[in-house]
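Novice: Starting off with a structure, shown below.
2 protein chains.
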Amino acid sequence: MVPHLSTALTGPLLGLEKKFLAEMPNIEQWFRSQWLDYAAPFYASVDLRNAGFKLAPVDTNLFPGGFNNLNPDFLSLSVQAAQVAIEKVCPEAYRLLIIPENHTRNTYYLRNVVALVNVMRQAGLEVRIGSISPEVTEPTEFNTQDGHTLLLEPVVREGNRLKLKHPELGDFDSCAVLLNNDLSSGEPEILQNLEQSLIPPLHAGWSRRRKTSHFSAYDEVASSFAEMLGIDPWLINPYFSCCSEIDFKAREGEECLSLKVDEMLTRIRQKYAEYNVDQEPYVIVKANSGTYGMGIMAVKSVEEVIGLNRKARNKMSVVKEGLTVSEVMIQEGVPTFETLNESVAEPVVYMMDHFVIGGFYRVHTSRGVDENLNAPGAHFVPLAFEDPCTLPDCADSPETLPNRFYSYGVVARLALLAAAMELQAQDSMAQLVA
Amino acid sequence: MVPHLSTALTGPLLGLEKKFLAEMPNIEQWFRSQWLDYAAPFYASVDLRNAGFKLAPVDTNLFPGGFNNLNPDFLSLSVQAAQVAIEKVCPEAYRLLIIPENHTRNTYYLRNVVALVNVMRQAGLEVRIGSISPEVTEPTEFNTQDGHTLLLEPVVREGNRLKLKHPELGDFDSCAVLLNNDLSSGEPEILQNLEQSLIPPLHAGWSRRRKTSHFSAYDEVASSFAEMLGIDPWLINPYFSCCSEIDFKAREGEECLSLKVDEMLTRIRQKYAEYNVDQEPYVIVKANSGTYGMGIMAVKSVEEVIGLNRKARNKMSVVKEGLTVSEVMIQEGVPTFETLNESVAEPVVYMMDHFVIGGFYRVHTSRGVDENLNAPGAHFVPLAFEDPCTLPDCADSPETLPNRFYSYGVVARLALLAAAMELQAQDSMAQLVA
């Protein structure tokens with residue numbers, strides 16, 4: 001059950017991990033005081049890359065799917081964290097409406113909704129699922145790939161409240177609305193100006209969110225954390241930059257892209273020299289909004305972004321829901337040195353409120369260590385992230401799984417904190433506009 | 001790993017459990033709003049008795065030992081709850097001083113301290129153990145029965161702060177002092193008027209606490225909860241009464257005792273008739289302060305408390321630390337209908353802050369269903385209290401373990417809430433006096 005971690009490469013990360021373990025009380029105190037200033041998102045997942053010489057977040061998802069891939073042995077941990085999260089949102093209420101993605105034909109995604117609903121129900125909430133899909137016009141049961149059924153009901157807006165109306169189950173008026181829909185296609189009118197708490201808020205959706213805003217906030221977090229620990233922030237932070245006014249189809253923006261890619265490869269090369277990393281630097285070019293591993297490519301030289309062929313340009317030009325890509329983030333590529341059964345693996349860490357509740361390895365049998373693994377063909381291996389280690393000396397060896405996971409939890413929480421800052425800044429902006 | 005619960009007896013409790021499960025959202029909402037008014041104790045354990053026809057707490061320990069008996073698989077749940085508890089006590093600090101019981105020769109008790117320290121360290125605290133035992137005059141390593149070592153250091157009072165001073169480890173000045181010492185022998189001067197947060201507070205110790213105060217508060221909690229659910233509070237609440245001015249050695253107070261025992265047996269008999277319970281009522285007479293299962297007897301008729309022989313009187317007259325018993329609580333005996341490998345068993349539920357973090361069965365191979373199991377010869381079986389149950393319909397069958405444990409968690413938290421009310425009332429009193 002415990003995934004085997006390849007520890008053949010033992011670079012500076014072991015040093016970093018040792019540092020994290022030794023400084024655990026300082027780190028936890030630092031997080032405690034940060035959470036006094038910033039409200040943690042309700043939930044989030046963070047994709048990490050562990051390069052051996054550095055450990056960094058590469059993507060932070062504020063509408064996490066994949067709850068079904070968490071280790072069921074740790075369900076109670078999710079339930080407890082959900083209780084804390086709910087105490088903040090609805091201390092005196094008990095009905096929760098969950099709005100999932102519209103793609104009701106993705107039976108794997110629906111399985112995630114089943115798992116999420118289960119966590120919330122176990123936390124003591126009355127949960128129903130409201131769809132904003134135009135295809136769901138009456139209460140309908142859907143099946144997951146493994147035989148669970150899920151009742152989706154069309155949401156009804158009454159004044160500024162979202163409700164459900166079911167002939168047998170009756171009306172449902174919830175205290176809060178939990179979005180598991182990343183709003184890639186925009187902010188539907190039906191969700192605007194609600195009386196109910198909408199979590200996460202509308203501006204957390206991909207119609208407004210920019211990856212570069214997140215990583216700007218992460219720059220701040222990583223610097224402050226690295227300063228506290230006395231380490232180089234680069235060890236936990238991938239470089240990034242941005243090109244706007246990109247149009248892949250019209251070959252617009254190539255110049256910016258090649259300039260930024262070149263700059264970044266040079267910066268990475270310098271760091272690799274400083275840390276004696278004997279690998280070829282690469283960068284990831286990805287759409288500044290959006291998810292699902294669409295609109296993303298790995299690049300090792302400037303030549304690769306000049307004169308892209310039609311197929312590559314098409315692939316880069318659209319993301320989920322057919323949206324056109326007009327801004328890209330250029331991100332330092334962090335190779336993974338983790339393998340699971342000889343396949344390349346990267347950890348994904350799940351959090352609810354400010355607690356780490358689990359994670360899994362995203363594993364790809366046909367991708368390389370420097371490629372995006374969030375692609376068709378990936379599979380998931382639940383992470384048993386804490387060994388029943390009650391020996392007082394089990395914290396001594398950083399090669400063991402619980403300790404490695406502590407570092408993962410630290411870096412994932414740094415990204416969570418960045419998301420909290422990012423959302424808080426957007427909140428202030430949204431209030432200024434309103 | 002999952003203990004087998006005998007469910008041969010399926011009395012009204014199944015009805016109660018069904019009720020709890022059906023009303024889970026209401027119950028959890030009720031708890032959430034209670035915790036807005038009352039601060040949960042830092043930690044507690046509650047002894048429950050499940051009679052089949054009723055499920056009730058019989059003892060609430062505010063200085064729980066036995067952390068080593070919790071299921072190690074759920075360590076992460078304790079750690080998460082400890083993080084919440086610590087956020088309230090020391091949001092911006094990270095040093096915790098734990099003061100254990102003085103009986104350093106009890107290697108099993110010390111094993112509990114090792115487990116407790118481990119939880120707190122995993123929660124990210126720097127923990128050291130300070131002893132107030134006159135026998136610990138310099139930093140000393142003690143061994144547990146299973147080969148762990150534990151460093152106990154004598155506490156040093158400087159002004160109104162408790163500190164540790166170790167020639168190599170250096171000085172230790174903590175934000176809070178966590179007591180795992182129930183103060184049976186009084187409130188030592190060294191712990192009085194501390195600047196540091198003392199948790200639980202001095203008045204939670206057995207030198208001031210009375211079981212009858214706890215169960216008075218529990219009366220309130222149980223009535224309010226039962227009213228919310230529309231059930232008879234007796235189903236979750238054992239009758240109790242009190243005799244003061246008892247002196248077993250001098251045969252003083254026998255009259256009060258026999259009167260109260262008689263009254264209570266009559267009341268139980270009426271309830272048994274009402275619920276068609278075909279069992280012989282009994283009461284438990286126990287010292288109104290104190291723990292460790294000392295000063296306690298089970299009684300089925302008035303005759304048993306009149307003319308106690310010398311041996312019985314001696315046994316009843318002293319509790320832990322040799323204190324004389326001058327007040328007793330007469331408590332309705334709740335038989336247990338649970339057995340584990342044909343031995344009588346009762347669940348003990350552990351909580352930290354307002355979260356259930358685990359539990360175990362106290363099992364006694366040579367005691368009956370109507371006897372106190374907290375006695376020499378008892379052993380402990382960790383409770384796996386939540387099955388990885390992610391099926392949406394797994395809540396339907398109340399016979400399964402996770403569901404049974406939900407009821408245990410509910411009743412244990414009711415007792416926790418009573419403890420919170422009890423401590424809050426004492427806080428107010430203490431402030432009036434000061």
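Chains as they are written, first to last, in the numbering used here: chain A, 1 to 434; chain B, 1 to 434. Quick reminder that beta carbons are idealized off the backbone N, C-alpha and C, glycines included.
1. What's the gap between the Cα of A/Met228 and the Cα of B/Glu138?
2. Mind checking if B/Phe225 is an interface residue toward chain A, Cβ cutoff 7 Å exclusive?
3. Would you mind giving the Cβ-Cβ distance between B/Val299 and B/Val283, rounded to the nearest angstrom? I have them listed as a contact below 8 Å.
4. Look up A/Ser428 in the DSSP assignment and say whether it is helix, strand or coil.
5. Could you please give the first and the last residue of the uninterrupted alpha helix (DSSP H) stretch that includes A/Val89?
6. Between the Cα of A/Asp59 and those of A/Glu187, A/Gly290, A/Asn193 and A/Gln80, spot the shortest distance and give me the residue it belongs to.
7. According to DSSP, is B/Thr266 part of a helix, a strand, or is it coil?
8. Can you have a look at B/Gly52 and say buried or exposed, based on whether 16 or more other CB atoms are within 10 angstroms of its CB?
9. Are the CB atoms of A/Ile330 and A/Ser216 within a distance shorter than 7 Å?
10. Is B/Cys175 helix, strand or coil when you go by DSSP?
11. Closer than 8 Å by C-beta to A/Leu414: which residues in its own chain qualify, once you throw out the five before and the five after it? Chain order, please.
12. Here's the rule I'm using: 16 or more other beta-carbon atoms within 10 Å means buried, otherwise exposed. How should B/Ala287 be labelled?
13. Report the rounded CA-to-CA distance for B/Ala430 versus B/Leu423, giving the unit in angstroms.
14. In whole angstroms, give me the CA-to-CA distance for A/Leu116 and B/Ala93.
15. Please report the residue range of the beta strand (DSSP E) in which B/Thr60 lies.
16. Could you check if A/Ile306 is buried or exposed, using at least 16 other CB atoms within 10 Å of its CB as the buried criterion?
17. Output yes or no for whether 7 Å exceeds the beta carbon distance between A/Glu87 and B/Arg32.
18. Which of helix, strand or coil does DSSP assign to B/Phe240?
19. If the cut-off is 7 Å on Cβ atoms, which residues from the stretch 216–247 of chain A count as contacting chain B, listed in chain order?
20. From A/Gln122 to A/Gln83, what does the alpha carbon distance come to, in whole angstroms?
21. Please determine, among A/Val155, A/Tyr108 and A/Val127, the residue with the shortest C-alpha to C-alpha distance to A/Gln145.
22. Which word fits A/Thr365, buried or exposed, when buried means at least 16 other C-beta atoms lie within 10 angstroms of its C-beta?
23. For the stretch 164–179 of chain A, enumerate the residues whose C-beta is nearer than 9 Å to any C-beta of chain B, in chain order.
24. Hey, how far is the Cα of A/Asn143 from the Cα of A/Cys90?
25. Quickly, what does DSSP pair A/Asn180 with across the bridge? List them, please.
26. Can you tell me the Cα-Cα spacing of A/Pro200 and A/Ala22, whole angstroms?
27. Note the first and the last residue of the continuous beta strand (DSSP E) segment covering A/Ser197.
28. Just to confirm, are B/Val369 and B/Thr336 a CB contact at a threshold of 7 Å?
29. Report all residues from its chain with a CB closer than 8 Å to the CB of A/Pro388; omit the five preceding and five following residues, and keep chain order.
30. Between which two residues does the alpha helix (DSSP H) containing A/Lys315 stretch?
31. Counting pairs of beta carbons, one from the stretch 189–197 of chain B and one from the stretch 258–278 of chain B, are three or more of them closer than 8 Å?
32. Against chain A, with Cβ distances strictly below 7 Å, would B/Met24 count as a contact?
33. Which residues mark the beginning and the end of the beta strand (DSSP E) in which A/His364 is found?
34. Please confirm whether B/Val357 and B/Ser45 have their CB atoms less than 7 Å apart.
35. Restricting to Cα atoms, I'd like to know which of A/Lys54, A/Leu16 and A/Ala40 is closest to A/Glu338.
36. Please report the distance separating the alpha-carbon of B/Arg208 from that of B/Asp232.
Specialist: So, from the listed chains and residues:
1. 34 Å
2. no
3. 5 Å
4. helix
5. Leu75 to Val89
6. A/Gly290
7. helix
8. buried
9. no
10. coil
11. Pro57, Tyr218, Val221, Ala222, Phe225 and Ile236
12. buried
13. 10 Å
14. 34 Å
15. Leu55 to Asn61
16. exposed
17. yes
18. strand
19. none
20. 9 Å
21. A/Tyr108
22. exposed
23. none
24. 30 Å
25. A/Pro100
26. 35 Å
27. Ser197 to Ile199
28. yes
29. Low local confidence applies: a pLDDT of 38 at A/Pro388 is under 50, so the model's placement there is unreliable, with the coordinate-based value given in what follows. So the list is empty, once near-sequence residues are dropped.
30. Arg310 to Ser317
31. no
32. yes
33. Phe355 to His364
34. Strictly speaking, residue 357 of chain B in this sequence is Ile, with Val absent from that position. For B/Ile357 and B/Ser45, no; Cβs fall outside 7 Å.
35. A/Lys54
36. 32 Å
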